[in-house]
Amino acid sequence: MVILKKSQAREDIPDKKQVPLFVKLDKYKDILGIINDVKSILFFAKNTLAVQKQIESLLEENKKVLEDAISKLDERIAMLEKELTKPGLYEAKKEQPKEVSKDLDASIEELKKQIENLKSDLKNIA
Numbered sequence: 001m002v003i004l005k006k007s008q009a010r011e012d013i014p015d016k017k018q019v020p021l022f023v024k025l026d027k028y029k030d031i032l033g034i035i036n037d038v039k040s041i042l043f044f045a046k047n048t049l050a051v052q053k054q055i056e057s058l059l060e061e062n063k064k065v066l067e068d069a070i071s072k073l074d075e076r077i078a079m080l081e082k083e084l085t086k087p088g089l090y091e092a093k094k095e096q097p098k099e100v101s102k103d104l105d106a107s108i109e110e111l112k113k114q115i116e117n118l119k120s121d122l123k124n125i126a
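Numbering (this note's numbering), first residue to last: 1 to 126.
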């Protein structure tokens, strides 16, 4: 720790004559304009990050839906392979794969709508 003497401490402090007491109005208005610009940029950046998080969450949802659909298809294929070895049981369960494809199509359409909504939100922000 450095201890300054009174004479050294006074040398570091600028004289009151050198420090302006008032800021000119033009400079003040310029500074306010710059602050407003920075606020606008910050607001835009926050909105962009929020939209990006929504897009990422939608991508994760899409990924999960696709993974579920693939696993369901794998199960159906395995079931169909078993059923083909037993011809009598194949006829009874023939309608189930159509229901799965309808659910999958509905999920995909819903995800497409959500992506379109996010795209329009991005266009509105930009």
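Backbone N, C-alpha and C define an ideal beta-carbon position, used for all residues, glycine too.
- The residue among Asp-30, Val-51, Tyr-28 with its C-alpha nearest the C-alpha of Asn-117 is Val-51.
- Taken through DSSP and simplified to helix, strand or coil, Lys-82 comes out as helix.
- In the displayed model, Lys-24 falls within coil according to three-state DSSP, outside both helix and strand.
- About 7 Å separates the beta carbon of Leu-111 from that of Leu-58, a gap short enough to meet the 8 Å contact definition.
- C-alpha of Lys-86 to C-alpha of Glu-75: approximately 17 Å in a straight line.
- Residue Ser-107 holds the alpha-carbon nearest to the alpha-carbon of Leu-66 among Ser-107, Ile-34, Lys-46, Lys-102.
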